[in-house]
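Okay, so here's the structure we're looking at.
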Amino acid sequence: MRLSFLAATFWGLCLAPGLGLQIQCYQCEEFQLNNDCSAPEFIVNCTVNVQDMCQKEVMEKSFGIMYRKSCASSAACLIASAGYQSFCSPGKVNSVCISCCNTPLCNGPRPKKRGNSGVVPRAHVIITVLLLTLALWVLYC
1411 MRLSFLAATF WGLCLAPGLG LQIQCYQCEE FQLNNDCSAP EFIVNCTVNV
1461 QDMCQKEVME KSFGIMYRKS CASSAACLIA SAGYQSFCSP GKVNSVCISC
1511 CNTPLCNGPR PKKRGNSGVV PRAHVIITVL LLTLALWVLY C
């Protein structure tokens, strides 16, 4: 009972009107390698209190690389990312990699320097999904 009260309080504070932050992400559908849709015209404002992450899907096809970018809720993005882990083999045809990040425009072009602090490491994706599932279970049970 006490744990569910704490979880409900936490989620209530996180989702309280007026406290939400709006993130901006790139949004596009299946562009080829020479245009990964990281230009200003692809920037969108994500929905406050709903879409708190940017998602990037990279599909390697025989004819080139295709991209899908969008705003996403953290739960949906992390579940999709975890679900596609077994299909992610960069450099191989038919590879599908989904990444989630939570800083403005983090699903854009790769940074010039190595590393991308906005990307959620894969090991943490599964833990985050499990914690989100547990929190929702506690809330609704």
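All the letters of the sequence shown, read from the start, carry residue numbers 1411 to 1551 under our numbering.
Cβ atoms here follow ideal geometry from the backbone N, Cα and C, with glycine treated the same way.
Scanning its chain for C-beta atoms nearer than 7 Å, with the 5 sequence neighbours on each side dropped, one finds around D1446 the residues Y1477, P1519, in chain order. DSSP, reduced to helix, strand and coil, places S1496 within a helical segment of the structure shown. Rounded to the nearest angstrom, the gap between the Cα atoms of S1483 and A1449 is 23 Å. The continuous stretches of beta strand (DSSP E) do not include N1504, and DSSP gives it neither H nor E. Between the beta-carbon of C1511 and that of S1505 there is about 19 Å, and that puts the pair past the 8 Å contact cut. Distance between G1474 and P1500, taken at the CA atoms: about 12 Å. Assignment of I1453 by DSSP, reduced to helix, strand and coil, places it in the strand class. Secondary-structure assignment with DSSP links Q1434 through a beta bridge to N1455. DSSP places G1474 in the uninterrupted beta strand (DSSP E) bounded by 1474 to 1482.
The Cβ-Cβ distance between E1467 and I1508 falls below 8 Å. For C1447, there is no enclosing beta strand (DSSP E), since its DSSP letter is neither H nor E.
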